[in-house]
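**Q** Sharing a structure, written as structure tokens. Questions coming.
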Amino acid sequence: MIADDLDSAARRLRELFERSEAIVPFTGAGISTECGIPDFRSPGGIWTKNQPIYFDEFLASQEARDESWRRRFAMDEYFSKAKPGRGHRAIASLYRAGKVPGVITQNIDNLHQASGVAATDIVELHGNTTYATCLDCARRYELQWVKEKYAAGANCAPDCTCGGFIKTATISFGQSMPEDPMRRADELSKNCDLFLAIGSSLVVWPAAGFPLNAKQNGAALVIINREPTDHDAIADLVVRGDIGEVLAPFISH
Ligand SMILES: [Zn+2]
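In this text, residue positions in the sequence shown follow the working numbering: the first is 167, and each later residue adds one.
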């Protein structure tokens, strides 16, 4: 069922939120566009302008690691200034009300954490770009440290003290999906009574399988997105509109 307008969408959402005990939001790029984070996969997005650097290339060549870090620092103007949007704040409100056992996200921008959801309750399917880790020993590095070393080394990506390569804590093209987040996302989607897909076109597998998972296990499925998605036909409610506008009525302070 597609909501006719924002008012009827809000009424229906309120009913669903009230009767649900375990709401699992699943968020994609669309929730962060009002925060100034570009949708990388959209036409004209960064990944359509630059060839992505595959994980194998990152491992194989210093040049690829240098270029990968050059691109990350060029993106800093977006990531370092971004603040949670209305969608993030509405989810954080439901979370504070004890209705959200966990948030699953395809985003790497750290904005759910910034909105007040505990990091331990956020499942990041594609990792997080606001810090870095060593690929061998998993030691965490802050981006400022990497940036200083990179500049001091004439734009050369620094390595860990253990000799491993340092990479943003994201999942690259060609890198396998992280096991623990995949397992947790699977559990959350199976055990919720309302699955809330927000700002994702739901085409990227395996992530696109979670709404189906939820639905097959008896949850209601709500899809909020500007564009139609592949799962609209099986959703209990589809809201096609601006995510911030749709979710703004659910922000509590
Ligand atoms: Zn290391």
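The beta-carbon is built from N, C-alpha and C at its ideal position, and this holds for glycine as well. For clarity, every value in this text was computed on a predicted model and none was experimentally measured.
For ligand 1, is there a heavy atom less than 7 Å away from the beta-carbon of arginine 305?
**A** yes
**Q** Taking buried to mean at least 16 other C-beta atoms within 10 Å of its own C-beta, is isoleucine 400 buried or exposed?
**A** exposed
**Q** Cα separation between leucine 354 and alanine 363?
**A** 13 Å
**Q** Tell me the start and end of each unbroken beta strand (DSSP E) in the segment 257-288 that is at least 3 residues and wholly inside, in chain order.
**A** 269-271
**Q** For threonine 286, count neighbouring C-beta atoms within 10 Å of its own C-beta (all shown protein chains included) and say buried if the count is 16 or more, exposed if not.
**A** exposed
**Q** Counting along the chain, where does the alpha helix (DSSP H) carrying proline 347 start and finish?
**A** 345-357
**Q** Measuring CB atoms only, is the segment 338-358 touching the segment 219-227, in the sense that at least three cross pairs come out at less than 8 Å?
**A** yes
**Q** Using a 10 Å radius around the Cβ and a threshold of 16 neighbouring Cβ atoms, would you call threonine 327 buried or exposed?
**A** Burial call: exposed.
**Q** If you measure from the CB of aspartate 242, is any heavy atom of ligand 1 nearer than 7 Å?
**A** no
**Q** What does the alpha-carbon distance come out to for the pair valine 388 and glycine 293?
**A** 24 Å
**Q** Would the C-beta of glycine 330 count as close to ligand 1, meaning under 7 Å from any of its heavy atoms?
**A** yes
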